[in-house]
Amino acid sequence: AVNRTVHPDDTLVKVGDITIGEGFFQVISGPCSVESEEQVVQIARSVKASGATLLRGGAFKPRTSPYAFQGLQDMGIKFLLSAKKETGLPIVTEIMNQTQLPLFEEVDVIQIGARNMQNFDLLREVGRCKKPILLKRGLCNTIEEFLMSAEYIMSEGNTQIILCERGIRTFETMTRNTLDLSAVPLLKQKSHLPVIVDPSHAAGIRSLVAPLSKAAIAVGADGLMIETHNNPAEALSDGAQSLDLPQFSTLMNDLKRRVSFE
Ligand code: PEP
Ligand code: MN
72 AVNRTVHPDD
82 TLVKVGDITI
92 GEGFFQVISG
102 PCSVESEEQV
112 VQIARSVKAS
122 GATLLRGGAF
132 KPRTSPYAFQ
142 GLQDMGIKFL
152 LSAKKETGLP
162 IVTEIMNQTQ
172 LPLFEEVDVI
182 QIGARNMQNF
192 DLLREVGRCK
202 KPILLKRGLC
212 NTIEEFLMSA
222 EYIMSEGNTQ
232 IILCERGIRT
242 FETMTRNTLD
252 LSAVPLLKQK
262 SHLPVIVDPS
272 HAAGIRSLVA
282 PLSKAAIAVG
292 ADGLMIETHN
302 NPAEALSDGA
312 QSLDLPQFST
322 LMNDLKRRVS
332 FE
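Residues 72 to 333 in the UniProt record's numbering are what the sequence shown spells out, letter by letter.
Printed below as a string of structure tokens:
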């Protein structure tokens with residue numbers, strides 16, 4: 072069970088030789104969408120040099136409009152695997168439905184996006200696979216619902232789950248979402264799972280990513296997921312919240328003074 076009263080010990084999630092969980096702070100970084108092989112390899116090299124330990128990149132994109140860029144799909148996964156081969160960084164990418172699972176054979180961490188947090192069939196399906204799962208909080212879901220979604224995965228035998236607070240919808244419109252910082256200590260008190268924060272999707276604004284990253288560390292997050300791009304102005308999705316590569320490097324240097332990286 073997800074509940075800490077049942078399992079008091081912290082769960083450590085293992086991805087290759089990386090550990091995520093209490094005392095092992097990790098930063099996942101990369102573009103919102105994989106756009107080309109060159110793009111994702113360039114970003115991977117740069118974020119690795121800055122200290123990121125996992126590479127993210129969307130291949131299947133859950134876009135609000137069906138006419139917006141939907142991702143490179145299976146080709147996107149192929150390009151992520153090239154970037155992994157080039158850099159050694161394990162890859163994190165989102166699955167949108169269970170029919171895509173065979174394409175995720177070589178993916179290191181399967182992401183369940185906010186919009187699928189209560190796709191219970193999908194949760195059960197990834198609960199039957201052996202890979203670590205990064206579960207993002209739904210846009211309008213309570214902490215209790217979030218924990219129950221993790222429970223769906225765990226009920227099928229997979230305990231390697233990373234929870235991700237990525238902002239929730241509130242009356243505030245100046246940010247894309249409202250980062251619920253209380254969720255971080257609450258999730259850590261109520262469950263034994265690692266909790267990371269995605270300040271990029273929470274804020275939707277590049278200039279808020281650094282301060283929210285520091286806030287996440289202050290409340291005890293086990294890691295961060297930060298969107299980066301080689302040319303944010305031309306990004307096919309989420310450019311406004313993406314850090315360019317020098318900005319990410321500067322942020323990482325700042326964070327290294329606040330938290331010990333493995
Ligand atoms: C993402 O991480 O690419 C993403 C779509 O985020 P979310 O599901 O949190 O909106
Ligand atoms: Mn995005």
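For each residue, glycine too, the CB sits at the ideal point set by N, CA and C.
Bridge partner(s) assigned by DSSP for residue i
{"i": "residue 314", "result": "299"}
{"i": "residue 206", "result": "183 and 234"}
{"i": "residue 127", "result": "163"}
Cβ separation of residue i and residue j, assumed to be a contact under 8 Å, to the nearest whole Å
{"i": "residue 307", "j": "residue 106", "result": "5 Å"}
{"i": "residue 100", "j": "residue 299", "result": "5 Å"}
{"i": "residue 284", "j": "residue 258", "result": "With 8 Å as the limit, residue 284 and residue 258 do not qualify as a contact, their Cβ atoms being about 18 Å apart."}
{"i": "residue 168", "j": "residue 193", "result": "6 Å"}
{"i": "residue 111", "j": "residue 128", "result": "5 Å"}
CA-to-CA distance, residue j to residue i, given in whole angstroms
{"i": "residue 183", "j": "residue 196", "result": "11 Å"}
{"i": "residue 262", "j": "residue 277", "result": "31 Å"}
{"i": "residue 143", "j": "residue 130", "result": "5 Å"}
{"i": "residue 121", "j": "residue 301", "result": "14 Å"}
{"i": "residue 304", "j": "residue 240", "result": "25 Å"}
{"i": "residue 282", "j": "residue 270", "result": "9 Å"}
{"i": "residue 255", "j": "residue 310", "result": "26 Å"}
{"i": "residue 81", "j": "residue 138", "result": "43 Å"}
{"i": "residue 372", "j": "residue 132", "result": "Residue 372 lies beyond the range of the chain shown here (72 to 333); nothing can be said about it."}
{"i": "residue 119", "j": "residue 93", "result": "22 Å"}
{"i": "residue 250", "j": "residue 215", "result": "17 Å"}
{"i": "residue 163", "j": "residue 73", "result": "22 Å"}
Minimum C-alpha distance to residue i - residue among the options
{"i": "residue 141", "options": "109, 117, 92 and 166", "result": "166"}
{"i": "residue 177", "options": "75, 154, 256 and 213", "result": "154"}
{"i": "residue 198", "options": "231, 151 and 213", "result": "231"}
{"i": "residue 297", "options": "291, 227 and 273", "result": "273"}
{"i": "residue 234", "options": "249, 114, 205 and 224", "result": "205"}
{"i": "residue 279", "options": "254, 264 and 319", "result": "319"}
{"i": "residue 88", "options": "283, 124, 172 and 215", "result": "124"}
{"i": "residue 151", "options": "181, 325 and 224", "result": "181"}
{"i": "residue 288", "options": "85, 73 and 327", "result": "327"}
{"i": "residue 83", "options": "266, 321 and 323", "result": "266"}
{"i": "residue 291", "options": "236, 245, 275 and 85", "result": "236"}
{"i": "residue 77", "options": "251, 222 and 109", "result": "222"}
Cβ neighbour criterion (16 or more within 10 Å) applied to residue i
{"i": "residue 146", "result": "exposed"}
{"i": "residue 96", "result": "buried"}
{"i": "residue 208", "result": "buried"}
{"i": "residue 179", "result": "buried"}
{"i": "residue 238", "result": "buried"}
Residue-level contact to chain D via CB, residue i, 7 Å cutoff
{"i": "residue 260", "result": "The chain labelled as chain D is not found in the depicted structure, where only one protein chain is given."}
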